[in-house]
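Numbered according to this note's numbering, the sequence shown spans residues 21 to 182.
Below: the structure, in structure tokens.
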Amino acid sequence: CSGPPQVKKRIINEGFLVLLGKALRDGSFDCRRESCFALMHLCEDRAIFEQVIQEDSFFRDVLSGFLGEVLCPDIEVAETALRFIKLVLDTHHHGIQVVTELDGIHILENVENRHPKLGIFATSLLDDYVYDHENDNTVTEGIDLGLPPINPEEYPDWRRKE
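The structure is reproduced here in structure tokens:
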């Protein structure tokens, strides 16, 4: 899913976006993990992200899946899920509301208990998007959390494609 644009286009055209969303929500751990990475790579493309958020129930299922992975024992999956939540908060006009409705605030408040290093990231999301804007449902400016991007060279062996 992080390949050339024609691969992404084919994934969308063949209906795999819906299957990835379903796998993220209902799949085994391995399916959820790979779906998490794939959906995040796809959603980095603004046009694809807009397709994800276009249909509300599908978007809520996908966001719910990502929220479910925030407390996952695999720190890479948890970080990827937090990055998706940040994308939603950065760009979705009702992002704060939807995250709140899906119990995302409670989940983000508990990240530090599971992943102390990611607790700073989650706390920043809460401070900058939720607590400062509790009565405001507007898109906020992006913030630099100082986290390096996920470097494919640092992926564990099982995740590398040779």
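Just so you know, even glycine gets a beta-carbon here, dropped at the ideal spot from N, CA and C.
Between which two residues does the alpha helix (DSSP H) containing residue i stretch?
i, result
"P24", "Segment: none, P24 is in no alpha helix (DSSP H) and carries neither H nor E."
"H126", "124 to 129"
"V82", "76 to 89"
"S55", "49 to 63"
"L109", "95 to 111"
"D148", "No alpha helix (DSSP H) contains D148, which DSSP labels as neither H nor E."
"E121", "115 to 121"
"G41", "36 to 46"
Could you give the distance in angstroms between the alpha-carbon of residue i and the alpha-carbon of residue j?
i, j, result
"F57", "T100", "7 Å"
"N157", "V118", "At N157, the pLDDT of 48 sits below 50, so the modelled position is not reliable and the matter cannot be decided from this model."
"G115", "D65", "18 Å"
"K28", "L62", "7 Å"
"E129", "E121", "15 Å"
"R134", "F36", "31 Å"
"K137", "E34", "38 Å"
"V159", "D147", "For V159, the pLDDT reaches just 43, beneath the cut-off of 50, and the residue's location in the model is therefore unreliable, although a value from the coordinates is still provided. Cα-Cα distance, rounded: 15 Å."
"H113", "Q26", "29 Å"
"L109", "S48", "27 Å"
"I5", "D123", "With the chain covering only 21 through 182, there is no way to say anything about residue 5."
"T111", "G139", "22 Å"
"G88", "V38", "17 Å"
My understanding is that residue i touches residue j, with C-beta atoms under 8 Å, so please give their C-beta distance in whole angstroms.
i, j, result
"V131", "V90", "6 Å"
"L40", "L59", "5 Å"
"L107", "F141", "13 Å between Cβ atoms; not a contact."
Using CA atoms only, rank isn't needed, just tell me which of the options is closest to residue i.
i, options, result
"D46", "E121, I31, F86", "F86"
"I105", "P25, I31, P136, L145", "L145"
"L44", "F78, P24, I32", "F78"
"I125", "D110, Q26, R80, T143", "T143"
"D81", "K42, S48, R30, D123", "K42"
Within the chosen definition, does the region 86 to 102 reach the region 67 to 78 through at least 3 CB pairs nearer than 8 Å? no
Counting beta carbon pairs with one atom in the region 48 to 59 and one in the region 73 to 80, are three or more of them shorter than 8 Å? no
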